[in-house]
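*Asks:* Note that the numbering used here has the sequence shown beginning at 30, numbered continuously upward.
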Amino acid sequence: MKLYQVLNNNVVTSLVDGKEIIIIGTGIGFKKQKGDVIDEGKIQSKFYPANNTLAQQTIQLLEEIPEKVVDIVVKIVKKAEKDIGTELNNGIYFTLVDHISFALERYKEQKEIKNVLLWDIKRLYKKEFEIGKYGVELLNETCGVQLTEEEAAFIAVHVMNAEFNVGIDMMESMTRIINEVIRIIEYYFKIEFDKDSLLYLRLVNHLKFFAQRVLNGTPYDDRKNILFDVIRNNYVEAFACSCQIKEFMMKKYNCKLTEEELVYLTIHIQRLTDTNN
Numbered sequence: 030m031k032l033y034q035v036l037n038n039n040v041v042t043s044l045v046d047g048k049e050i051i052i053i054g055t056g057i058g059f060k061k062q063k064g065d066v067i068d069e070g071k072i073q074s075k076f077y078p079a080n081n082t083l084a085q086q087t088i089q090l091l092e093e094i095p096e097k098v099v100d101i102v103v104k105i106v107k108k109a110e111k112d113i114g115t116e117l118n119n120g121i122y123f124t125l126v127d128h129i130s131f132a133l134e135r136y137k138e139q140k141e142i143k144n145v146l147l148w149d150i151k152r153l154y155k156k157e158f159e160i161g162k163y164g165v166e167l168l169n170e171t172c173g174v175q176l177t178e179e180e181a182a183f184i185a186v187h188v189m190n191a192e193f194n195v196g197i198d199m200m201e202s203m204t205r206i207i208n209e210v211i212r213i214i215e216y217y218f219k220i221e222f223d224k225d226s227l228l229y230l231r232l233v234n235h236l237k238f239f240a241q242r243v244l245n246g247t248p249y250d251d252r253k254n255i256l257f258d259v260i261r262n263n264y265v266e267a268f269a270c271s272c273q274i275k276e277f278m279m280k281k282y283n284c285k286l287t288e289e290e291l292v293y294l295t296i297h298i299q300r301l302t303d304t305n306n
C-alpha cells in the first residue's frame, strides 16, 4: 500500500480501487511523502469513506485540526481498546477529533456545556469514565487548558458509542434501563449496593449488553436452559426478583425475557445480594 497524501505525522491517505482511504497510526506520516510505501506495522485504523464527498470533508477536518489533538485522540483510543479489551468502531477517531476540537474552542470562549449524564457515567460506566479522565489529563497537559469531569464524561460517551456501536440517544436509553433494573433489585431486597464492588460492576457490565439487546430486539435464544430449574429452585429470592424485572420489561418495553436471560440475571443478583447479607 502506497502513500497518497500526508495530512500530518499520524494521518495519511492511500488509494484503494481509485478511492482515497484514510489511515491513522502514530508516526505513520513522519518524514514521508507521496509514493512511499506505508509501514503496515504502524497502522492503527483504516477509514473507508462511503463516497468522495465524505472523504474530502473528513480530510479537510483532519487538515484543519492541530496535530497534537489527533495525537491525543490516537492515545485515547489506544488506551480504551486496551482497557476495555475490544476493538472500537473506527469512526471514533473522527467523532472524537471533531468533539475535542470544538471543546477547546468552547474553552477559549468560556462556554461551558453541562453533561446531563455525568453522574450516571461516573457510576455505571467507570472504566469508560476513567478513559475520559485520562483524555482530559492529556488535553490539560498538552493544550494548556483546564477541562473538567464534564469533558471526561463527554469523551466517555464517545468511547461507549464506539464500544457498543450506538448513538447518544441509544446510550441514554441504555442508561435508563440499567438504572431501572438496579432500582428494582435494590427495592426488592431493600438494600443499597456498594457501587465500587467487583460484583456490582459485573452486574452493571451484564446490564449494558442486556439493555442493548432489549433496545435492538435481539434477546438470548429462546431455548430451554438446562440450569433454569436448578437456579429457580436454589436461588428463590433472586429468581423472584428476576421475574419482577421480566414483568417490568414486558410492560414498559414489550420485551419478553428468555429463560437464558433469567438465568444470567438471577446468578448476578444472587452473587451481589450474598455480599450484602
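Cβ coordinates follow ideal geometry from the N, Cα and C atoms, glycine included.
Here the structure is a predicted model, which is why all the values come from computation and not from measurement.
Are there three or more Cβ pairs, one per stretch, closer than 8 Å when the stretch 32 to 49 is compared with the stretch 61 to 69?
*Replies:* Output reads yes: the stretch 61 to 69 touches the stretch 32 to 49.
*Asks:* DSSP beta-bridge partners for Glu-49?
*Replies:* Along the sequence shown, read from residue 1 onward, the residue named residue 49 stands at position 20. According to DSSP, Glu-49 bridges with Leu-44.
*Asks:* Just to confirm, is the Cβ distance from Val-188 to Ala-109 under 9 Å?
*Replies:* Taking the first residue of the sequence shown as position 1, residue 188 is located at position 159. Taking the first residue of the sequence shown as position 1, residue 109 is located at position 80. Yes. Within cutoff.
*Asks:* For Gln-34, which of helix, strand or coil comes out of DSSP?
*Replies:* Position 5 of the sequence shown, counted from the start, is the residue given in the question as residue 34. DSSP places Gln-34 in strand when its eight states are reduced to three.
*Asks:* Once the 5 residues before and after Phe-59 are set aside, which same chain residues still bring their CB inside 7 Å of it?
*Replies:* On the sequence shown, residue 59 is found 30 positions in, with the first residue counted as 1. The residues are Asn-38.
*Asks:* When DSSP labels each residue in this structure, what does Phe-76 get in the three-state scheme?
*Replies:* Translated into the one-based positions of the sequence shown, residue 76 becomes position 47. Three-state result, Phe-76: strand.
*Asks:* Could you give the C-beta distance for Met-200 and Asn-190, rounded to a whole number, given that I count them as a contact under 8 Å?
*Replies:* As a working mapping, residue 200 is identified with position 171 in the sequence shown. As a working mapping, residue 190 is identified with position 161 in the sequence shown. That pair is a contact at about 6 Å.
*Asks:* Quick one: Cα of Lys-285 to Cα of Lys-63, how far?
*Replies:* Mapped onto the sequence shown, residue 285 falls at position 256. Mapped onto the sequence shown, residue 63 falls at position 34. Between Lys-285 and Lys-63, the C-alpha separation is close to 56 Å.
*Asks:* Using CA coordinates, which residue listed in Glu-166, Val-102, Glu-179, Ile-121 is at the minimum distance from Arg-135?
*Replies:* In the sequence shown, the residue the question calls residue 135 occupies position 106. Cα-wise, what sits closest to Arg-135 is Glu-179.
*Asks:* Apply the 10 Å Cβ neighbour rule to Ala-181 and answer buried if 16 or more other Cβ atoms are within range, or exposed otherwise.
*Replies:* On the sequence shown, position 152 is the one that residue 181 refers to. Buried.
*Asks:* Below 9 Å between beta carbons: does that hold for Leu-256 and Ile-274?
*Replies:* The residue you call residue 256 lines up with position 227 of the sequence shown. The residue you call residue 274 lines up with position 245 of the sequence shown. Going by C-beta atoms, Leu-256 is not nearer than 9 Å to Ile-274.
*Asks:* So, under 8 Å CB-CB, Val-99 and Leu-91 are touching, yes? Tell me the CB distance rounded to an integer number of Å.
*Replies:* Locating residue 99 in the sequence shown gives position 70, where the first residue counts as 1. Locating residue 91 in the sequence shown gives position 62, where the first residue counts as 1. Contact flag correct, Cβ pair sits at about 7 Å.
*Asks:* Less than 9 Å between the C-beta atoms of Lys-155 and Leu-232, yes or no?
*Replies:* As a first step, residue 155 must be located in the sequence shown, where it is residue number 126. As a first step, residue 232 must be located in the sequence shown, where it is residue number 203. In this structure, Leu-232 does not lie closer than 9 Å to Lys-155 by Cβ.
*Asks:* Beta-carbon separation of Ile-206 and Val-243 under 9 Å?
*Replies:* The sequence position of residue 206 within the sequence shown is 177, counting from 1. The sequence position of residue 243 within the sequence shown is 214, counting from 1. Yes.
*Asks:* For Asn-234 and Lys-224, I'd like the C-alpha separation in whole angstroms.
*Replies:* For the purposes of this step, residue 234 is taken as residue 205 along the sequence shown, with counting starting at 1. For the purposes of this step, residue 224 is taken as residue 195 along the sequence shown, with counting starting at 1. Those two C-alpha atoms are separated by around 12 Å.
*Asks:* Excluding the 5 residues preceding and the 5 following Leu-236 in the sequence, name in chain order all residues of the same chain whose CB lies nearer than 7 Å to its CB.
*Replies:* If you number the sequence shown from 1, residue 236 lands on position 207. Excluding residues within five positions, the ones whose Cβ falls inside 7 Å are Ile-207, Val-210.
*Asks:* Need the endpoints of the alpha helix (DSSP H) that Val-259 sits in, please.
*Replies:* Sequence index remark: in the sequence shown, residue 259 carries index 230 (1-based). Segment 257 to 263, the alpha helix (DSSP H) holding Val-259.
*Asks:* For the stretch 140 to 196, which segments carrying the beta strand (DSSP E) assignment without a break, of at least 3 residues, lie completely within its bounds, in sequence order?
*Replies:* Whole beta strand (DSSP E) segments, 3+ residues: zero.
*Asks:* Below 8 Å on the Cβ atoms is my guess for Gly-54 versus Gln-73; work out the distance and round it to an integer in Å.
*Replies:* For the purposes of this step, residue 54 is taken as residue 25 along the sequence shown, with counting starting at 1. For the purposes of this step, residue 73 is taken as residue 44 along the sequence shown, with counting starting at 1. Right, the Cβ-Cβ distance comes to about 5 Å (below 8 Å), so this counts as a contact.
*Asks:* Grab me the residues of Thr-302's own chain with a C-beta within less than 6 Å of its C-beta, minus the 5 sequence neighbours each way, in chain order.
*Replies:* Numbered from its first residue, the sequence shown carries residue 302 at position 273. Phe-218.
*Asks:* Do Phe-76 and Ile-50 count as a contact pair if the criterion is CB distance below 9 Å?
*Replies:* Start at 1 with the first residue of the sequence shown, and residue 50 comes out as number 21. Start at 1 with the first residue of the sequence shown, and residue 76 comes out as number 47. Contact: yes.
*Asks:* Mark Tyr-122 as exposed unless 16 or more other C-beta atoms lie within 10 angstroms of its C-beta, in which case mark it buried.
*Replies:* On the sequence shown, residue 122 is found 93 positions in, with the first residue counted as 1. Flag for Tyr-122 reads buried.
*Asks:* Determine which residues share a DSSP beta bridge with Val-66 and list them.
*Replies:* Against the sequence shown, residue 66 aligns to sequence position 37. Val-66 is bridged to Lys-31.
*Asks:* According to DSSP, is Lys-224 part of a helix, a strand, or is it coil?
*Replies:* Walking along the sequence shown from the start, residue 224 turns up at place 195. If DSSP states are grouped into helix, strand and coil, Lys-224 belongs with coil.
*Asks:* What residue from Gly-47, Thr-82, Asn-80, Leu-36 has the CA that sits closest to Lys-61's CA?
*Replies:* Against the sequence shown, residue 61 aligns to sequence position 32. Per the Cα distances, Leu-36.
*Asks:* What three-state label does DSSP hand Phe-59 in the structure shown?
*Replies:* Residue 59 sits at position 30 when you count from the first residue of the sequence shown. Correct three-state label for Phe-59: coil.
*Asks:* Distance, Cα to Cα, Glu-157 vs Thr-177?
*Replies:* For the purposes of this step, residue 157 is taken as residue 128 along the sequence shown, with counting starting at 1. For the purposes of this step, residue 177 is taken as residue 148 along the sequence shown, with counting starting at 1. Taking the straight line from one Cα to the other gives about 15 Å.
*Asks:* So the candidates are Phe-183, His-128, Asp-149, Leu-133; which of them puts its Cα closest to the Cα of Asn-169?
*Replies:* The residue you call residue 169 lines up with position 140 of the sequence shown. Of the listed residues, the one whose Cα sits closest to Asn-169 is Leu-133.
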